[in-house]
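Colleague:
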Amino acid sequence: MLSDEERRAAKNAYKQRGRDEMWARLGLNAGQLADLLEHLEDHFDDDSADDCDGELTLTREWALREGLRPAPLEDRLRELGGGCDCEVLANLDPADWV
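In my numbering, the protein residues as written are 1040 to 1137.
1. Leaving out five residues on either side along the sequence, give the residues of the same chain with a beta carbon under 6 Å from the beta carbon of A1102.
2. Could you please give the first and the last residue of the uninterrupted alpha helix (DSSP H) stretch that includes N1130?
3. Classify D1124 as buried or exposed, calling it buried when 16 or more other Cβ atoms lie within 10 Å of its own Cβ.
4. Can you look up L1116 in the DSSP assignment and give me helix, strand or coil?
5. Just to confirm, is the Cβ distance from H1082 to L1097 under 8 Å?
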């Protein structure tokens, strides 16, 4: 039988594996994701999705500027709930993965 401390350690290890898997799936580090989100925030007024074209146009622009291949990044973002630029901004919070 596990002690309380061992149970907490196992639970924390499990959560950490989940966070590690999310970062691996995304293919960006925390700084890159923060930079992408800042890039998107700079283009939307008052957190409004009204300016969103329903695509990953701004994300693609950022990826090219950063020297990343946009297509694989876009695929990964869609898997994680970011089907367009405003959804990336709304659904991908790096604080959830820390």
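All residues carry an ideal CB built from backbone N, CA and C; glycine is no exception.
Modeller: Taking the coordinates as given:
1. P1109, L1112
2. 1124 to 1130
3. buried
4. helix
5. yes
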